[in-house]
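Reviewing the structure listed below.
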Amino acid sequence: MGFGLAGALLAWELQKLNVLVTSDDLNESETSSRVAAGMITPITGRRLKPTWRGSELTQIARATYSEVETKFGVKLWHEWTLRRVFREEIMRTWFHERLAHGEYEPMQITDIAPGTHDGVGYPFGGFEHGGVATVDIPSFVDLMKPKENSGSADADVTVTCTGYRALSSALWSWLPIEPSKGEILDVTIPGLFLDHVLTNGTWILPVGGDKYRIGATHDWDDQDPQPTVRGREKLLEAATQLVHREIIVTGHRAALRPSTKFKRPLVGRHPIDTAQAVFTGLGTKGALQGPWAARQLARHLAFGEPLDTEIDIQRWWKS
Numbered sequence: 036m037g038f039g040l041a042g043a044l045l046a047w048e049l050q051k052l053n054v055l056v057t058s059d060d061l062n063e064s065e066t067s068s069r070v071a072a073g074m075i076t077p078i079t080g081r082r083l084k085p086t087w088r089g090s091e092l093t094q095i096a097r098a099t100y101s102e103v104e105t106k107f108g109v110k111l112w113h114e115w116t117l118r119r120v121f122r123e124e125i126m127r128t129w130f131h132e133r134l135a136h137g138e139y140e141p142m143q144i145t146d147i148a149p150g151t152h153d154g155v156g157y158p159f160g161g162f163e164h165g166g167v168a169t170v171d172i173p174s175f176v177d178l179m180k181p182k183e184n185s186g187s188a189d190a191d192v193t194v195t196c197t198g199y200r201a202l203s204s205a206l207w208s209w210l211p212i213e214p215s216k217g218e219i220l221d222v223t224i225p226g227l228f229l230d231h232v233l234t235n236g237t238w239i240l241p242v243g244g245d246k247y248r249i250g251a252t253h254d255w256d257d258q259d260p261q262p263t264v265r266g267r268e269k270l271l272e273a274a275t276q277l278v279h280r281e282i283i284v285t286g287h288r289a290a291l292r293p294s295t296k297f298k299r300p301l302v303g304r305h306p307i308d309t310a311q312a313v314f315t316g317l318g319t320k321g322a323l324q325g326p327w328a329a330r331q332l333a334r335h336l337a338f339g340e341p342l343d344t345e346i347d348i349q350r351w352w353k354s
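If you count by the numbering used here, then the sequence shown holds residues 36 to 354, one letter each, in order.
Pasting the structure below:
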């Protein structure tokens, strides 16, 4: 039930185990899976922490998308370097502390001193690193969707993959999902020649020529999945601070992510009705954590293998 990134990843893993999969989806045009940039990065957040299980999960994600690329003859995975602009002095302190403690090994890190570099201002400095990727999630979802749906009446297990909407189900309303609204802009920036991802908390991602995507906002209070003037202005202000150029908005999209406070997916069978299962909670890390979580859930459903306790929904059940 539901066929965004979670449903597509699970379908892929189940089909590899020779499990028959059907889908039932609303086919909405603006969902978190279709709005998201699908970015994978080994360093995350204001405190510049290495991504949780970053190396392991990136390896699994790369292998999964590579399998799909090989089977369908498509390109889903794109690799990047990323330059981070520190917004405040404390970020430079945190960065050097983590660097000195070896937290970024074996990543290749290049320190960027305070100043202006390639037309971009680094008031407190910054750094560059590789190991970043973006995944074409909409194309992946479209490739995975069953061409024919024979219905779910005879299903052995029904898996809810409806994102934040799982909260509206009596079966899943107890899950710790905290929807967060994300807005992104499609823009042109004449004269900007960027061959890497640039971020100061708001990122600018090249998509070809002078076209870029700018994102993304995080709003836990606004539950209306519609673009806002406030979101547009916030993104433009942050991006203008980075590139100091005219930015022409050509598109503005928004969606609600199925986020969780603990930033982990939520998967497993219902504690009472075991013919029902769920896969949600991908939030902002879906492209990275999704393939690993889908593989876990597929093997759990097919063979009864135990789930990683970090993502098993049993930890949240209170009878």
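Ideal Cβ placement from N, Cα and C applies to all residues, glycine included.
Within 8 Å, strictly: CB atoms of residue i and residue j
{"i": "Leu-40", "j": "Leu-317", "result": "yes"}
{"i": "Glu-132", "j": "Thr-145", "result": "no"}
{"i": "Leu-49", "j": "Ala-337", "result": "yes"}
{"i": "Leu-227", "j": "Arg-280", "result": "yes"}
{"i": "Ala-96", "j": "Ile-75", "result": "yes"}
{"i": "Thr-295", "j": "Pro-211", "result": "yes"}
{"i": "Leu-55", "j": "Cys-196", "result": "no"}
{"i": "Ala-148", "j": "Gly-160", "result": "yes"}
{"i": "Thr-237", "j": "Leu-291", "result": "no"}
{"i": "Thr-116", "j": "Gly-156", "result": "no"}
{"i": "Trp-207", "j": "Val-313", "result": "yes"}
Span of the alpha helix (DSSP H), counted from its first residue to its last, around residue i
{"i": "His-131", "result": "124 to 135"}
{"i": "Asp-177", "result": "172 to 179"}
{"i": "Leu-83", "result": "Premise fails: Leu-83 is in no alpha helix (DSSP H) and is neither H nor E."}
{"i": "Val-70", "result": "67 to 70"}
{"i": "Trp-47", "result": "40 to 51"}
{"i": "Arg-200", "result": "No alpha helix (DSSP H) contains Arg-200, which DSSP labels as neither H nor E."}
Residue range of the beta strand (DSSP E) that includes residue i
{"i": "Glu-114", "result": "112 to 120"}
{"i": "Gln-311", "result": "311 to 315"}
{"i": "Lys-216", "result": "215 to 223"}
{"i": "Val-192", "result": "Taken as a continuous stretch (DSSP letters only), Val-192 belongs to no beta strand (DSSP E), as it is neither H nor E."}
{"i": "Thr-234", "result": "232 to 234"}
{"i": "Val-284", "result": "283 to 292"}
Buried or exposed (CB count within 10 angstroms, at least 16 for buried), residue i
{"i": "Val-284", "result": "exposed"}
{"i": "Ser-215", "result": "buried"}
{"i": "Val-264", "result": "exposed"}
{"i": "Gln-349", "result": "exposed"}
{"i": "Ala-201", "result": "buried"}
{"i": "Thr-128", "result": "exposed"}
{"i": "Thr-309", "result": "exposed"}
{"i": "Trp-112", "result": "buried"}
{"i": "Ile-219", "result": "buried"}
Residue of the options minimising C-alpha distance to residue i
{"i": "Thr-79", "options": "Pro-158, Arg-265, Leu-240 and Thr-319", "result": "Thr-319"}
{"i": "Thr-223", "options": "Leu-240, Lys-216 and Leu-210", "result": "Leu-240"}
{"i": "Arg-288", "options": "Thr-234, Gly-217 and Val-278", "result": "Gly-217"}
{"i": "Asp-171", "options": "Ala-273, Asn-53 and Glu-114", "result": "Glu-114"}
{"i": "Val-192", "options": "Pro-326, Asp-60 and Gly-303", "result": "Gly-303"}
{"i": "Glu-272", "options": "Gly-250, Lys-180 and Asp-256", "result": "Gly-250"}
(message) Under 8 Å, with one C-beta from each stretch per pair, do the stretch 102 to 117 and the stretch 172 to 181 reach the 3-pair mark?
(response) yes
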